[in-house]
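Please read the structure below before turning to the comments.
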Amino acid sequence: MTASLLIATGLAAAIPFRAQLWNVGGEGQMWFGAFCTIGIALNLPKGLAPGLSVAILVIASMVAGAVWGLVPGILKATINANEVITSLMMTFIAIELGNWAIDGIWPQGASNETMSVPANTLMPNIWSGTLVTWGLPLALIAAIVAWAVMSRTKLGFEIRAVGLNPQTARMNGMSVGKVAIVTFALGGAFAGLAGSIFILGINGALPAGFPLNNFGYLGIAVALVARLSPLWIIPSAVLFAGLRVGSDGLQASTGLSTTVGQILVALFVILLLAFRLIRFSYPEVASR
Amino acid sequence: MSPVQTLFSLGIALMVPMLFAALGELIIEKAGVLNVGIEGVMLIGAFSAAVGVNYGNGSIWIGLLIAIGSGIVCGIILALLYVRLGTDQIVTGIMFNILAFGLTTTLAVKYVHASQSSQFPDWDIPGLHSIPGIGDVLFSQDVLVYASIVIAALVWYLTRQTWFGLYSRAVSEYPRAAESAGLNVWRLRYVAVILGCVLTAVGGAELFANSGGFVAGYTNGRGFIALAIVVLARWNAFYVVAAALLFGVAQALQFEADKLGFLGDVPSHVLIALPYILVLVAVVFARGSRYPAAVGIPFRPTRSST
Chain A
20 MTASLLIATG
30 LAAAIPFRAQ
40 LWNVGGEGQM
50 WFGAFCTIGI
60 ALNLPKGLAP
70 GLSVAILVIA
80 SMVAGAVWGL
90 VPGILKATIN
100 ANEVITSLMM
110 TFIAIELGNW
120 AIDGIWPQGA
130 SNETMSVPAN
140 TLMPNIWSGT
150 LVTWGLPLAL
160 IAAIVAWAVM
170 SRTKLGFEIR
180 AVGLNPQTAR
190 MNGMSVGKVA
200 IVTFALGGAF
210 AGLAGSIFIL
220 GINGALPAGF
230 PLNNFGYLGI
240 AVALVARLSP
250 LWIIPSAVLF
260 AGLRVGSDGL
270 QASTGLSTTV
280 GQILVALFVI
290 LLLAFRLIRF
300 SYPEVASR
Chain B
770 MSPVQTLFSL
780 GIALMVPMLF
790 AALGELIIEK
800 AGVLNVGIEG
810 VMLIGAFSAA
820 VGVNYGNGSI
830 WIGLLIAIGS
840 GIVCGIILAL
850 LYVRLGTDQI
860 VTGIMFNILA
870 FGLTTTLAVK
880 YVHASQSSQF
890 PDWDIPGLHS
900 IPGIGDVLFS
910 QDVLVYASIV
920 IAALVWYLTR
930 QTWFGLYSRA
940 VSEYPRAAES
950 AGLNVWRLRY
960 VAVILGCVLT
970 AVGGAELFAN
980 SGGFVAGYTN
990 GRGFIALAIV
1000 VLARWNAFYV
1010 VAAALLFGVA
1020 QALQFEADKL
1030 GFLGDVPSHV
1040 LIALPYILVL
1050 VAVVFARGSR
1060 YPAAVGIPFR
1070 PTRSST
């Protein structure tokens, strides 16, 4: 199930990255998605059919993530604000909102979590006896949809064109601003999906601190190792999920902290970058 | 002191870590490199200071020394990646932040005692300290506060008045031309990245000294705020001080709001998020601010460079 989160956050990074737009706020878009999922789930009518309520919540969470992603996207498109700074700030705001939900808006009492969502909003298990819920096929579908958009539609072509050379793309009548807004909204929607999968398919409530932390950032690593290709994100996410679960197991057997997994992931990606296995193209700086 | 005086006094103390980090980032960006790993460098600086204090019998000066050392190490690693190997600066920086978070959190369990803290000594400037109203606020701070202002002036001088500043401006705007004129682009960027990382790590040390001890992930976006401060200040070291003070006071609000009365009803989470919201507002106000043209773009020399 960790893999399904990483697929979604990987897509959140990969699509804007393809246009050379650095959405490093997947973490915040995921938190805001989770925040809205909780808020809406607790207020849905009780009698709703389980399938319908899950569908409503997943869509709502994706919209929420998209809204959160739109802020840096629109700021980039209109005033050319540095999207790295704005998307990171949106992340810290979203995490603070999450903390507020945990100890102020919907607190559970003794344990450091929000209230659990009602049973009829939880994603059912696919195979009984395992932890695998419908979140996993949802993430896989998301990857396929992202692939179709990126390689089979005009929009995907524009995104890739802007990524290769914004000037040329602009001269060919494409709107770079529009691509910024659309890619950030799409990326945010996928990050929001990760938020709803975490709440509805894994944990049932929003916990304080580490369980949700850094999945958004790790998604960047997932996307990079997949060379920003939506379908390659699936094996890449499985690899990183293995590392993460493995480091949890390591913790149990050796007493090392779970953060060891993050060290391994970061070192791995930095080495790939250093050996030029992950590369980006840059325009030559021209004189003005 | 009245609540407003306390607010500003605290704001000045909280300004210092971000000020050091922003000054370091300014030097780096003025040489054409964007160091998104600033948050990680700051965190490693804070951690190193904590380790130094822990093994140096509680002396903050040993902590500061170790933090400077860690800044040099971070600087060398990042300079090799950003400059020599020409990796993407944004992606590398983000990965460096994850690495720094993982490393410090893992190692802190073993090498840092959460309760151990140490502060830089306060210094009341004779005479000025007794000015009514502002004396207590401005001239009764710890020594690193004064040092940060002095260093801001030095950074201004370095980037505006020296050959280093002139050359690095060339390297950050049009490196190919700088190379044609005989400059070694890489060597200049190495120096800038290492120098900037040292200042950032010192900011981390002050962050540790301000708080009651080392906490995992304690920087909490201060490094990223420093990135925004540099943009807002338009790469001018004196404006950096003003912008850092603004964010310092914004951070101080969450501790002092209840005493200020009119802010007492605002939920604490809104006040904690206030600096981040303020960054977004600031970015809108700084919309004419333009990065040096070559920032973020790796440079490949046309001839082999040593």
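Protein sequences appear in the order of chains A and B. Per my numbering, the first sequence starts with residue 20, numbered consecutively. Per my numbering, the second sequence starts with residue 770, numbered consecutively. Backbone N, C-alpha and C fix where the C-beta goes; we use that ideal spot for every residue, glycine too.
Worksheet item: Nearest CA to the CA of TYR1008 of chain B: which residue from B:ASN823, B:MET770, B:ALA800, B:LEU795?
Response: On the second sequence, residue 1008 of chain B is found 239 positions in, with the first residue counted as 1. It is B:LEU795 whose Cα lies nearest to the Cα of TYR1008 of chain B.
Worksheet item: Taking Cβ positions, are GLU115 of chain A and ALA227 of chain A nearer each other than 8 Å?
Response: As a working mapping, residue 115 of chain A is identified with position 96 in the first sequence. As a working mapping, residue 227 of chain A is identified with position 208 in the first sequence. Result no, Cβ atoms of GLU115 of chain A and ALA227 of chain A do not sit closer than 8 Å.
Discussion item. Can you tell me whether ASN118 of chain A is buried or exposed? The criterion is at least 16 other CB atoms within 10 Å of its CB, across all chains shown.
Written reply: Here residue 118 of chain A corresponds to residue number 99 of the first sequence, with the count starting at 1. ASN118 of chain A comes out buried.
Worksheet item: Is the distance from the Cβ of MET193 of chain A to the Cβ of GLU177 of chain A below 8 Å?
Response: If you number the first sequence from 1, residue 193 of chain A lands on position 174. If you number the first sequence from 1, residue 177 of chain A lands on position 158. Result yes, Cβ atoms of MET193 of chain A and GLU177 of chain A sit closer than 8 Å.
Worksheet item: So, is TRP955 of chain B buried or exposed, given that buried needs 16 or more other C-beta atoms within 10 angstroms?
Response: Residue mapping note: residue 955 of chain B aligns to position 186 of the second sequence, counting from 1. With 16 or more other Cβ atoms within 10 Å, it is buried.
Worksheet item: What's the C-alpha gap between VAL1048 of chain B and ARG853 of chain B?
Response: As a position in the second sequence, residue 1048 of chain B is number 279, starting the count at 1. As a position in the second sequence, residue 853 of chain B is number 84, starting the count at 1. Each residue's CA atom was taken as its position, placing VAL1048 of chain B and ARG853 of chain B some 32 Å apart.
Practice prompt. Evaluate GLN281 of chain A with the Cβ neighbour count: other Cβ atoms within 10 Å of its Cβ, from every protein chain shown; 16 or more gives buried, anything less gives exposed.
Written response: Within the first sequence, residue 281 of chain A is the residue found at index 262, counting from 1. Buried.
Worksheet entry | Alpha carbon of CYS55 of chain A to alpha carbon of LEU225 of chain A, nearest angstrom | On the first sequence, position 36 is the one that residue 55 of chain A refers to. On the first sequence, position 206 is the one that residue 225 of chain A refers to. Whole-angstrom Cα-Cα distance: 11 Å.
Discussion item. Contact criterion: CB-CB distance below 8 Å. Does GLY238 of chain A meet it with respect to chain B?
Written reply: As a working mapping, residue 238 of chain A is identified with position 219 in the first sequence. No, no contact with chain B.
Worksheet item: Under the rule that 16 or more other beta-carbon atoms within 10 Å means buried, what is LEU71 of chain A, buried or exposed?
Response: The residue labelled residue 71 of chain A in the question sits at position 52 within the first sequence. Residue environment analysis places LEU71 of chain A among the exposed positions, since fewer than 16 neighbouring C-beta atoms fall within 10 angstroms of its C-beta.
Worksheet item: At which residues does the beta strand (DSSP E) containing ALA891 of chain B begin and terminate?
Response: Locating residue 891 of chain B in the second sequence gives position 122, where the first residue counts as 1. Ala is not the amino acid found at residue 891 of chain B; the sequence shown has Asp there. Membership of ASP891 of chain B in the beta strand (DSSP E) is indicated by the continuous run 891-893.
Worksheet item: Do you know offhand how far ILE59 of chain A's Cα is from ALA208 of chain A's?
Response: Taking the first sequence and counting its residues from 1, one reaches residue 59 of chain A at position 40. Taking the first sequence and counting its residues from 1, one reaches residue 208 of chain A at position 189. Taking C-alpha positions only, ILE59 of chain A is separated from ALA208 of chain A by approximately 17 Å.
Discussion item. Quick check: LEU779 of chain B and ALA1012 of chain B, are their CB atoms within less than 8 Å of each other?
Written reply: For the purposes of this step, residue 779 of chain B is taken as residue 10 along the second sequence, with counting starting at 1. For the purposes of this step, residue 1012 of chain B is taken as residue 243 along the second sequence, with counting starting at 1. In this structure, the beta-carbon distance from LEU779 of chain B to ALA1012 of chain B does not fall below 8 Å.
Worksheet item: Does ILE112 of chain A have its Cβ less than 8 Å from a Cβ in chain B?
Response: The count along the first sequence starts at 1 and reaches residue 112 of chain A at position 93. It does: the Cβ of ILE112 of chain A has a partner Cβ on chain B nearer than 8 Å.
Discussion item. Let me check understanding here. Comparing Cα to Cα, which of B:ILE994, B:SER1058, B:VAL971, B:ASP911 lies closest to TRP892 of chain B?
Written reply: As a working mapping, residue 892 of chain B is identified with position 123 in the second sequence. The shortest C-alpha separation from TRP892 of chain B is found at B:ASP911.
Discussion item. Distance cutoff 8 Å, beta carbons only. Does VAL103 of chain A sit that close to anything in chain B?
Written reply: Within the first sequence, the letter at position 84 stands for residue 103 of chain A. So, interface residue.
Fill in: Proximity below 8 Å, CB of GLY92 of chain A to CB of ALA199 of chain A
Translated into positions along the first sequence, residue 92 of chain A becomes position 73. Translated into positions along the first sequence, residue 199 of chain A becomes position 180. Yes, the Cβ-Cβ distance between GLY92 of chain A and ALA199 of chain A is below 8 Å.
Worksheet item: Just to confirm, are THR97 of chain A and GLU46 of chain A a CB contact at a threshold of 8 Å?
Response: Taking the first residue of the first sequence as position 1, residue 97 of chain A is located at position 78. Taking the first residue of the first sequence as position 1, residue 46 of chain A is located at position 27. Judged by their CB atoms, THR97 of chain A and GLU46 of chain A are not nearer to each other than the 8 Å cut-off.
Worksheet item: Rounded to the nearest angstrom, how far is the Cβ of SER1058 of chain B from that of VAL1010 of chain B, given a contact under 8 Å?
Response: On the second sequence, residue 1058 of chain B is found 289 positions in, with the first residue counted as 1. On the second sequence, residue 1010 of chain B is found 241 positions in, with the first residue counted as 1. Contact between SER1058 of chain B and VAL1010 of chain B does not hold, since their C-beta atoms are separated by about 17 Å, which reaches or exceeds 8 Å.
Fill in: Euclidean distance between Cα positions of TRP932 of chain B and TYR926 of chain B
Here residue 932 of chain B corresponds to residue number 163 of the second sequence, with the count starting at 1. Here residue 926 of chain B corresponds to residue number 157 of the second sequence, with the count starting at 1. Straight-line Cα distance between these residues: approximately 10 Å.
Worksheet item: Would you say PHE203 of chain A and ASN99 of chain A are within 8 Å of each other, going by their C-beta atoms?
Response: Stepping through the first sequence from its first residue, residue 203 of chain A is reached at position 184. Stepping through the first sequence from its first residue, residue 99 of chain A is reached at position 80. No. Outside cutoff.
Discussion item. Can you list, in chain order, the residues of its chain with a C-beta nearer than 6 Å to that of ILE34 of chain A? Leave out the 5 residues immediately preceding and following it.
Written reply: As a working mapping, residue 34 of chain A is identified with position 15 in the first sequence. Residues of the same chain with a CB within less than 6 Å of the CB of ILE34 of chain A, apart from the 5 flanking positions on each side, are THR202, LEU205, GLY206 in chain order.
Worksheet item: Where does THR152 of chain A sit, in a helix, a strand or coil, going by DSSP?
Response: Sequence index remark: in the first sequence, residue 152 of chain A carries index 133 (1-based). Three-state DSSP puts THR152 of chain A in a strand.
Discussion item. Suppose the cutoff is 6 Å on Cβ atoms and the five residues either side in sequence are ignored; what does the same chain contact list for LEU389 of chain A look like?
Written reply: In the structure displayed, chain A extends from 20 to 307; residue 389 of chain A sits before or after that span and is not available.
Worksheet item: Can THR21 of chain A and VAL284 of chain A be called in contact, C-beta distance under 8 Å?
Response: Numbered from its first residue, the first sequence carries residue 21 of chain A at position 2. Numbered from its first residue, the first sequence carries residue 284 of chain A at position 265. Taking 8 Å as the Cβ cut-off, THR21 of chain A and VAL284 of chain A do not qualify as a contacting pair.
Discussion item. Does the CB of MET108 of chain A have a neighbour CB from chain B at under 8 Å?
Written reply: In the first sequence, the residue the question calls residue 108 of chain A occupies position 89. MET108 of chain A counts as touching chain B.
Worksheet item: What residue from A:ALA138, A:PRO156, A:ASN139, A:VAL136 has the CA that sits closest to ILE145 of chain A's CA?
Response: For the purposes of this step, residue 145 of chain A is taken as residue 126 along the first sequence, with counting starting at 1. If we check each option's Cα against that of ILE145 of chain A, A:PRO156 comes out closest.
Worksheet item: Beta carbon of MET811 of chain B, beta carbon of THR928 of chain B: below 8 Å?
Response: The sequence position of residue 811 of chain B within the second sequence is 42, counting from 1. The sequence position of residue 928 of chain B within the second sequence is 159, counting from 1. Result no, Cβ atoms of MET811 of chain B and THR928 of chain B do not sit closer than 8 Å.
Worksheet entry | Members of the region 42-53 of chain A that neighbour chain B once the beta carbon cut-off is set at 9 Å | Hits within the stretch, in order: VAL43.
Practice prompt. Determine the chain A residues that contact ILE797 of chain B at a beta-carbon separation under 7 Å, and present them in chain order.
Written response: Taking the second sequence and counting its residues from 1, one reaches residue 797 of chain B at position 28. Near ILE797 of chain B there are no residues of chain A at all, since even the closest Cβ is about 14 Å away, more than 7 Å.
Worksheet item: When you compare each of A:ASN62, A:LYS197, A:THR105 to TRP125 of chain A by their alpha carbons, which one comes out closest?
Response: By 1-based counting over the first sequence, the position of residue 125 of chain A is 106. Nearest neighbour of TRP125 of chain A by Cα position, chosen from A:ASN62, A:LYS197, A:THR105, turns out to be A:ASN62.
Discussion item. Is ILE1041 of chain B close to chain A? Criterion is C-beta to C-beta, closer than 8 Å.
Written reply: Here residue 1041 of chain B corresponds to residue number 272 of the second sequence, with the count starting at 1. For ILE1041 of chain B, at least one C-beta of chain A is nearer than 8 Å to its own C-beta.
Worksheet entry | For SER909 of chain B, three-class secondary structure by DSSP | The residue labelled residue 909 of chain B in the question sits at position 140 within the second sequence. Three-state result, SER909 of chain B: strand.
Item to complete: Output yes or no for whether 8 Å exceeds the beta carbon distance between MET49 of chain A and ALA210 of chain A.
Response: For the purposes of this step, residue 49 of chain A is taken as residue 30 along the first sequence, with counting starting at 1. For the purposes of this step, residue 210 of chain A is taken as residue 191 along the first sequence, with counting starting at 1. At a Cβ-Cβ threshold of 8 Å, MET49 of chain A and ALA210 of chain A count as neighbours.
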